[in-house]
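Data first, discussion second: the structure below is written as structure tokens.
2 protein chains.
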Amino acid sequence: MIDKEFVGIAAGICTAVSLVPQFLKTIKEKRVEGVSSFVFVVLFFGNSLWVWYGVMLNEWPIIVTNAFSVIMDITMFILKMKYRNKS
Amino acid sequence: MIDKEFVGIAAGICTAVSLVPQFLKTIKEKRVEGVSSFVFVVLFFGNSLWVWYGVMLNEWPIIVTNAFSVIMDITMFILKMKYRNKS
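Going down the list, the protein sequences come from chains X and U.
Taking this note's numbering, the leading residue of the first sequence gets 1, the next gets one more, and so forth.
Taking this note's numbering, the leading residue of the second sequence gets 88, the next gets one more, and so forth.
Put into structure tokens, the structure is as follows:
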């Protein structure tokens, strides 16, 4: 029987890692492609609610993964605003 | 006391809705911007693991949201392959 924490951690690593290439591409090209600032706001609310949900379930893989996503959402939103005039 | 199902559903709607603009933009412009096909493969594994995790916890907001994400990952990967020569 595979432990649920193990599955949660593996899931969290995959979905967190998937955010990194877009972030690196943004830093390198100094522009945020393909995604509107509105999407980052919706994601910010969504991931924040997932953190709350994780706290309610007391499941730390949900909390840690979505807290990382919240930080990325805020960072990408700031970069989107910063590079706005260059896009 | 707010029910955890309510928070999970609200979280799931936000993160699912955030995928729609990128999808519509892709359909409209017939090209997949900013994200590599590798990212969709990683997301496919990540979201599939989240579905498994949701099944283990018996939490259907996790299952439904990530099942939707898996479908979107596959769709975007197919569109990425389809529009490859046009990018």
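Ideal Cβ placement from N, Cα and C applies to all residues, glycine included.
Values in this document were obtained by computation on a predicted structure and should not be read as measured data.
How would you list, in chain order, the residues of chain X whose beta-carbon sits under 7 angstroms from the beta-carbon of residue i?
i        : result
Lys91(U) : Tyr53, Met56, Leu57
Decide if residue i is buried, meaning its Cβ has at least 16 other Cβ atoms within 10 Å, or exposed.
i         : result
Leu43(X)  : buried
Lys80(X)  : buried
Val51(X)  : buried
Glu116(U) : exposed
Asp73(X)  : buried
Ser174(U) : Its pLDDT being 47, under 50, Ser174(U) is placed unreliably in this model, and the coordinates cannot settle the point.
Glu146(U) : buried
Val107(U) : exposed
Phe127(U) : buried
Taking residue i as the query, report the chain U residues whose CB atoms sit under 8 angstroms from its CB, ordered along the chain.
i        : result
Leu43(X) : Cys101, Thr102, Ser105
Val39(X) : Ser105, Pro108, Gln109
Please compile the residues from chain X whose C-beta is within a distance smaller than 8 angstroms of the C-beta of residue i.
i        : result
Val94(U) : Leu49, Trp52, Tyr53, Met56
Which residue comes first and which comes last in the alpha helix (DSSP H) that contains residue i?
i         : result
Asp160(U) : 147-169
Which residues, taken in chain order from the segment 96-111 of chain U, show a beta carbon closer than 7 angstroms to some beta carbon of chain X?
Ala97, Ala98, Cys101, Thr102, Val104, Ser105, Pro108, Gln109
Please give me, in chain order, every unbroken run of the alpha helix (DSSP H) with length at least 4 that falls completely inside the segment 91-139 of chain U.
91-104, 107-116
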